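Input: a single structure, listed below in structure tokens.
Number of protein chains: 6
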Amino acid sequence: MLKKIVLTGAAGALGSRLRAPLAAMCETLVSTDLAAALDGVADNETYVKADVGNAEEMMALIEGAEMVVHFGAIADEAPFEQIMHSNFMGAYNVWNAAHKHGVRRIVYASSIHAMGMYPKTTRITGDMPHRPDSFYGLSKCFAEDMGRMYWDKYGIEAVCLRIYSAPGSVANARALGSYLSYDDCVQLVQRSVDTPVVGFTVIYGVSNNDRSPVDNSAAAFLGYRPKDNAEEFAEAILAKTPKADPLDKAQMCHGGPFATVPLGVSGVQYIKKMSEGN
Amino acid sequence: MLKKIVLTGAAGALGSRLRAPLAAMCETLVSTDLAAALDGVADNETYVKADVGNAEEMMALIEGAEMVVHFGAIADEAPFEQIMHSNFMGAYNVWNAAHKHGVRRIVYASSIHAMGMYPKTTRITGDMPHRPDSFYGLSKCFAEDMGRMYWDKYGIEAVCLRIYSAPGSVANARALGSYLSYDDCVQLVQRSVDTPVVGFTVIYGVSNNDRSPVDNSAAAFLGYRPKDNAEEFAEAILAKTPKADPLDKAQMCHGGPFATVPLGVSGVQYIKKMSEGN
Amino acid sequence: MLKKIVLTGAAGALGSRLRAPLAAMCETLVSTDLAAALDGVADNETYVKADVGNAEEMMALIEGAEMVVHFGAIADEAPFEQIMHSNFMGAYNVWNAAHKHGVRRIVYASSIHAMGMYPKTTRITGDMPHRPDSFYGLSKCFAEDMGRMYWDKYGIEAVCLRIYSAPGSVANARALGSYLSYDDCVQLVQRSVDTPVVGFTVIYGVSNNDRSPVDNSAAAFLGYRPKDNAEEFAEAILAKTPKADPLDKAQMCHGGPFATVPLGVSGVQYIKKMSEGN
Amino acid sequence: MLKKIVLTGAAGALGSRLRAPLAAMCETLVSTDLAAALDGVADNETYVKADVGNAEEMMALIEGAEMVVHFGAIADEAPFEQIMHSNFMGAYNVWNAAHKHGVRRIVYASSIHAMGMYPKTTRITGDMPHRPDSFYGLSKCFAEDMGRMYWDKYGIEAVCLRIYSAPGSVANARALGSYLSYDDCVQLVQRSVDTPVVGFTVIYGVSNNDRSPVDNSAAAFLGYRPKDNAEEFAEAILAKTPKADPLDKAQMCHGGPFATVPLGVSGVQYIKKMSEGN
Amino acid sequence: MLKKIVLTGAAGALGSRLRAPLAAMCETLVSTDLAAALDGVADNETYVKADVGNAEEMMALIEGAEMVVHFGAIADEAPFEQIMHSNFMGAYNVWNAAHKHGVRRIVYASSIHAMGMYPKTTRITGDMPHRPDSFYGLSKCFAEDMGRMYWDKYGIEAVCLRIYSAPGSVANARALGSYLSYDDCVQLVQRSVDTPVVGFTVIYGVSNNDRSPVDNSAAAFLGYRPKDNAEEFAEAILAKTPKADPLDKAQMCHGGPFATVPLGVSGVQYIKKMSEGN
Amino acid sequence: MLKKIVLTGAAGALGSRLRAPLAAMCETLVSTDLAAALDGVADNETYVKADVGNAEEMMALIEGAEMVVHFGAIADEAPFEQIMHSNFMGAYNVWNAAHKHGVRRIVYASSIHAMGMYPKTTRITGDMPHRPDSFYGLSKCFAEDMGRMYWDKYGIEAVCLRIYSAPGSVANARALGSYLSYDDCVQLVQRSVDTPVVGFTVIYGVSNNDRSPVDNSAAAFLGYRPKDNAEEFAEAILAKTPKADPLDKAQMCHGGPFATVPLGVSGVQYIKKMSEGN
């Protein structure tokens, strides 16, 4: 059993579902986010309000931790300055503090958007060059490369979870392949924590969908075996899907709508699409 | 729901089993073959006698179609001139008409014989160079390359189904790996039609056989998950299989007997072997 | 010294320059083309007027040959029916006759247009899948796949020369990379003939241009070491090159203008461009 | 049904479990090992005491066999001279006798230790260069390369089973990925024997563990579908696993403790670790 | 001839040598750096003092440019905040302004330190994943990924020059392979500017050293043919090279001393080593 | 300058030419072979008669050495027992002694025959699996795998020189590609010794032949740039080369005659062929 885990982004859609499972894997869980407080704090859990973009706060929080599960960030495309603060500087603050305090491993919520400009007809793996589709995706590339560097130079392990669709409902045809259920997301984090050695590993966060468009075979040693499958929604979803245009990057690329949304923009229309399964 | 699908080869062993499932996916199904008439024509199905090797007939049939499911061809090795008419010119007529009429996608019955000279110990994928084993296989190479060109130049999508064994019984040891059940073949065509975007994709048509010798992972986004498995017949089949000779290309190559049958020849002996599962 | 070589396309721009070098490598050179007669026939050379698209004429010519150097074909995009006759049927007639008469090797004038839709930023090799840009290029794919089959099944060797730019002047920026001088073309054919064993080999026909965009390393055993280099024309050519558009396939793809010319069309405008270096 | 199979190492932990299944696949099973006698000899089984390191004994035993299942060897790291006798010379004696007597196929108990120095974060396949971790592993490299040579030169088939963990209990975290159950080991040998043609094939011997760290896809045509899964022991095993050190090769490399044990040494401490699942 | 080129870092060791060659390739060259003024300003050159880390200054400078040659940055490891300002924000400011102003291409001074943690026994290419060795190298990864994104989304071309050794003297054994002469650096920038289409291209900046440890073949279409060769210094350099330790990352990795220098540190000792050829 | 180098096989055709160049690179050169004495011993050279197959003699000789240049072995196919003694045990004795005595690097005369069964149409690299053609070639596979292990476990460096043709005259068509001149062989050993760090590296020993059939690019950091070229003999050699048969492995495989010579046999006829250029 681990002594201390730090969970950032603990108030988010994913983070809030990771609190209980992580609390069961360590003596002390320190949860953090921008919210003032969280409900249902476990006996061995402490909540600390903090900003991942604030170096001092991160340095203090991470002291004594064995692992950091870093899910705290803007989870959408946004102006560069905002992404810079929360996603770039947030990731830097976590790795820098981890190094200073001898943290053993970071489990990082990366994203498909680090690879979003690849066409779907290219099956993407964990060791192909980045092709980000947004400032958001670019911040994930940055953190992955930084994680690789801290592993190469200092032996700090990292598992980068390229989460495909933000978990939730299966709202469109893209999600038939990209869906990640909450249960599978929890399993993915559990395996990332309990596997004895992981080095530097990249794995896609998708459920066991019939139409999954990614290749996780190189990370099979983690033992991630997703249970859910979006195919049960296929008939209903496809019946209402408008005719596709294969020359539209939003439909052909792994990144979905992010492949065509203007950089830095997260307007209502795009946000709505994204909320349906990107 | 699609407006109009054209199915060629509708009277064939495979084509006849595709009529009902395709009719359920579109407003109008136009079926065609060389037969004078077909039984059991669905309400939204029209049968038209035509020759795929006849350019004018194909041009007329395909007008207004969104997709063409092109299964019409000689399904055996035959003299070059016959293959040229039905398979080469047939495929050209389909793509040419599709281009003229703005068809969105062609689902094409390619064949393992486009890759038949690879040894079985080489696991073949969808992006290795062709190695045909017959004029028949060569015509499949031609159509695949043509499909790639129409996609690259004009954005006409194509799914090339490299059907391994012609569906039917599991008659010999080769079929333990190469078997494609009718149900799985239908599923494969359904996925090729209902997937919103496919670009240019190659996928092998095999069931979920324990001994399947091909790699479909790059086309996984199609969601083809075969259900049948020839292994139930393994014990009986192997018990009557004569001792193999690994230096015999007919036994070592993916193409099976086609790897050694003389070009252009389809004698009784070879036909009989082929009917057992190539 | 070889007993008999057959050269098709002997009256063409390339073929006419191959006659003397090939005559020096064999006891008897049989040259053929559509022209009524050729000038400067060597002592050991016989000219026979014939059409590569005519099976009987090819069967008669090739009898007794050890090698066929097959350069006879339409060297431009043209309506499918024309390409079918001269390029598809021409190649079939040559290989079929070679098989019937026990010819040992075919040296084949393939073309970059078998790979023309690849972007220039992809360095193309001899073992990547075809991506033709025209009916002309598609006929080269067909002949290469057929050559592979005759090698796999019958042991007939083939060297496929993917000639990049038709030799001649360096007329545009594309030719700075794609130029093939006549001397280098001759050397390429000589090596294809004098190398003792070649199996089935694909090699690009380009000179030693600084800006050569292809990879011939896999065929290095042939010993082709081009001597000429288009770079001497770079300054003059680039000074008059209009601003490029990287989203224009005609400028970004290996096939150059062929990547955008409509299929089957060879209008004056395109022919003029092609004559300048495709 | 095969006429005669020879099984070496018939008294070993694995070999003893192969006797009955192999006896069921042939008219005559000849079992051999260093033991004086074996219990439970089948009606069509003959036991012969012999040393695989003794050329004459192997030559006599193998006469008339169609296949040899070669499991006889020191199954641990040991001084070079001992490995030389039993593992190097043993393998040579088997292949040499097989060649002299026209044996069709050898099923060989290779080992993960032929690849033991690869880090676990590299998913290993059957066609990557060897990286042995011990004299023991080096002897497996030798036999695999020799098997390849006899296939290339003489057409003698071979299936090299890179057994990961010696079957038995799941005793440590490494075994969660590397476990091979006895039943799955038997199935693996059965498929290696009953598949009509195998050429030269390498396959990893692991069960269907969630955390399996190897890639057997290239050998899928053998139809090996393991049934057991070490994951049922994961919770208990991981609870008692000490904190891992990713910079310790014994924890990071596929070979486990063999990656750090001094060459030639098999002290009590190391043997104990090995017996727990390497 | 180009209308306007902007050169950043114009006062640096490399930038100062690029001014005259670039001035010869355009109607107007705008040079910029932190220096108050530059000597020897050409007739068609304008010098503007500006900070690449200042968004407004970059936005103003780049207006109307066809290309930006971006060499302005801290050329050493430094504390993260400094690298963030000059290298991360500098690169972002350049691409963002380029996008706003319709710039066609950016030629970017990337660095070997984006790949510095690869061992020298791995021949690195332009399409392998990043393995940075420093904050400095990480900033190059960021800019390359950003350049890829602007190409994928907006068609802005980029050539990323992974400069190996900063040009100058050949001071140590590493430089025998990594040396880039000033002349070759100028040629590399010239080819990056005059090649009509480049898409997104990565190329290593090394001279024609016998011991060059990188692979530029994929970018050969640029026509970069270096002329200088560090081998003339080999005998003298090697005679004074202390015994190497292959387990020392500073000696084994492509990044040289950067592979072991602590992140963010640029002390005198390290600077001195760096000045000798990293 | 190195303190002590040990050269085995010092009386052989290659070894005798390495003595003077190696003596110039170290304070003390210890040369050894089976001969009673050598002529022309340098001032800093000591000759010791010894058998590489004798463990004690090797252990004594190697004490105090920084590097061993191991060329001593049977340089021909021979009965397994002879190869076992001189080539297998010889290599083991060298690496074992090197480990015991802290030797830093071994430069090893491997051979093309470790890869001899690959067809020439496959361009072979340093990281493809072995395909030996003889017991002789198998002993080279063994030593390479052992060298990899000592590097992985103990950090002992190795450069494996896969010498293609034994240097000497260019006697046949195969040698036009495979020729290695004495001068180039010396350069290859010099670079293998003077390169500061080499890890574990495999490189082919061929001259700068136009028809060189191997790929050394991965080992380019060694700086081996051969000067000689067998092409000057091409015309004469090819004029007397009998008609080749591409289905004859002796002509099609990299190993040449070794690909078909029976294992263990070195009859007069084969020896004569080998002496002409294998």
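Chains as they are written, first to last, in the UniProt record's numbering: chain A, 1 to 278; chain B, 1 to 278; chain C, 1 to 278; chain D, 1 to 278; chain E, 1 to 278; chain F, 1 to 278. Even glycine gets a Cβ: it sits at the ideal position worked out from N, Cα and C. Note that this is a predicted model, so its numbers are computed, not measured.
> Quick one, which residues of the region 199 to 231 of chain C are near chain B if we go by CB-CB under 7 Å, in chain order?
Replying inline: none
>> Tell me whether the region 136 to 152 of chain B and the region 155 to 165 of chain C touch, counting them as touching only if at least three CB pairs, one residue from each stretch, are closer than 8 Å.
In response: no
> If you compare alpha carbons, which of B:Ile106, B:Ala259, B:Tyr204, B:Gln251 is closest to Lys4 (chain B)?
Replying inline: B:Ile106
>> Could you tell me the alpha carbon to alpha carbon distance between Ile112 (chain E) and Phe233 (chain E), rounded to whole angstroms?
In response: 22 Å
>> Give me the subset of the region 155 to 172 of chain A whose CB atoms are less than 8 Å from a CB atom of chain D, sorted by chain position.
In response: Gly155, Glu157
>> Please state the DSSP three-state secondary structure of Gly147 (chain D).
In response: helix
>> Distance check for Lys120 (chain B) and Thr195 (chain B), CA to CA, integer angstroms please.
In response: 30 Å
> The beta strand (DSSP E) with Ile163 (chain F) in it runs from where to where?
Replying inline: 157 to 163
>> With DSSP as the reference, identify every bridge partner of Ala109 (chain C), one or two as the case may be.
In response: C:Leu161
>> Going by DSSP in three states, His99 (chain E) sits in which element: helix, strand or coil?
In response: Under the three-state reduction of DSSP output, His99 (chain E) falls in the helix class.
> Taking only runs of the beta strand (DSSP E) that begin and end inside the region 4 to 83 of chain A, which ones reach a length of at least 3 residues, in chain order?
Replying inline: 26 to 33, 45 to 49, 67 to 70
> Considering only C-alpha positions, which residue in the set C:Ser192, C:Gln187, C:Asp228 is nearest to Val170 (chain C)?
Replying inline: When only C-alpha atoms are compared, the closest one is C:Asp228.
>> Between which residues of its own chain and Asn208 (chain A) is the CB-CB distance below 7 Å, once the five residues before and five after are set aside?
In response: In its chain, beyond the 5 residues on either side, Pro226, Lys227, Asp228, Asn229 have a beta carbon closer than 7 Å to the beta carbon of Asn208 (chain A).
> Residues of chain F with CB under 7 Å from Arg131 (chain E), in chain order?
Replying inline: The premise fails here: Arg131 (chain E) is roughly 16 Å from chain F at the closest Cβ pair, so nothing lies under 7 Å.
> Would you say Val268 (chain E) reaches chain A, if we count a Cβ-Cβ gap shorter than 8 Å as a contact?
Replying inline: Any reading at Val268 (chain E) must be qualified, since the residue scores a pLDDT of 39, below 50, and its modelled position is unreliable; the value itself is stated next. For Val268 (chain E), the answer is no, since every Cβ of chain A falls outside 8 Å of its Cβ.
>> For Pro129 (chain A) and Phe135 (chain C), I'd like the C-alpha separation in whole angstroms.
In response: 34 Å
> In chain D, what lies closer than 7 Å to Leu180 (chain F) by C-beta?
Replying inline: Ordered by position in chain D, no residue passes the 7 Å Cβ test against Leu180 (chain F), which lies about 23 Å from the chain.
>> Cβ closer than 9 Å: which chain B residues qualify as neighbours of Phe142 (chain C)?
In response: Within chain B, the residues near Phe142 (chain C) are Phe88, Leu138, Cys141, Phe142, Asp145.
>> Quick check: the Cα distance between Arg17 (chain C) and Val186 (chain C), rounded to an integer number of angstroms?
In response: 7 Å
> Of all the residues that make up the region 184 to 197 of chain E, which are near chain C by a beta-carbon distance shorter than 9 Å?
Replying inline: Arg191, Asp194, Thr195, Pro196, Val197
> How would you label Ala97 (chain A), buried or exposed, when you count the other beta carbons within 10 angstroms and need 16 or more for buried?
Replying inline: buried
> Which word fits Ala10 (chain F), buried or exposed, when buried means at least 16 other C-beta atoms lie within 10 angstroms of its C-beta?
Replying inline: Buried is the call here.
> Can you tell me whether DSSP reads Pro119 (chain B) as helix, strand or coil?
Replying inline: strand
>> Just to confirm, is the Cβ distance from Glu231 (chain E) to Leu176 (chain E) under 8 Å?
In response: Cβ atoms of Glu231 (chain E) and Leu176 (chain E): closer than 8 Å.
> Going by Cα to Cα distance, which pick from A:Arg174, A:Thr32, A:Asn216 is closest to Val48 (chain A)?
Replying inline: A:Thr32
>> Let me confirm a value: Leu161 (chain C) is counted as buried when at least 16 other C-beta atoms fall within 10 Å, else exposed. Which label applies?
In response: buried
> Would you call the region 205 to 221 of chain A and the region 206 to 223 of chain B touching, i.e. three or more CB-CB distances under 8 Å?
Replying inline: Verdict: yes, contact present.
> So which residues on chain F does Thr241 (chain E) lean against when the C-beta distance must stay under 8 Å?
Replying inline: Pro196
> Going by Cα to Cα distance, which pick from F:Met67, F:Ala35, F:Lys100, F:Met25 is closest to Met59 (chain F)?
Replying inline: Looking at the Cα atoms, F:Lys100 is the closest of the given residues.
> Nearest to residue 281 (chain F) by CA position, among C:Val198, C:Val52, C:Ile83, C:Trp151, is which residue?
Replying inline: As displayed, chain F neither begins before 1 nor continues past 278, which places residue 281 (chain F) out of reach and without an answer.
> If we ignore side chains and look at the alpha-carbon of each, how far apart do Asp34 (chain A) and Lys240 (chain A) end up?
Replying inline: Note that residue 34 (chain A) is Leu in the sequence shown, not Asp. A straight-line Cα-Cα distance of about 38 Å links Leu34 (chain A) and Lys240 (chain A).
> Going along chain B, which residues have a C-beta under 8 Å from Ala244 (chain A)?
Replying inline: Pro196, Val197
> List, in order along the chain, the chain B residues whose C-beta lies closer than 7 Å to that of Leu238 (chain A)?
Replying inline: Asp194
> Between which two residues does the alpha helix (DSSP H) containing Ile237 (chain E) stretch?
Replying inline: 234 to 239
>> Quick check: what's the CA-CA separation for Arg174 (chain F) versus Tyr182 (chain D)?
In response: 51 Å
>> Using only CA atoms, which one of E:Gly12, E:Ala36, E:Ala13, E:Leu7 lies nearest to His22 (chain E)?
In response: According to the sequence displayed, residue 22 (chain E) carries Leu and not His. Checked all of E:Gly12, E:Ala36, E:Ala13, E:Leu7; the closest Cα to Leu22 (chain E) is E:Leu7.
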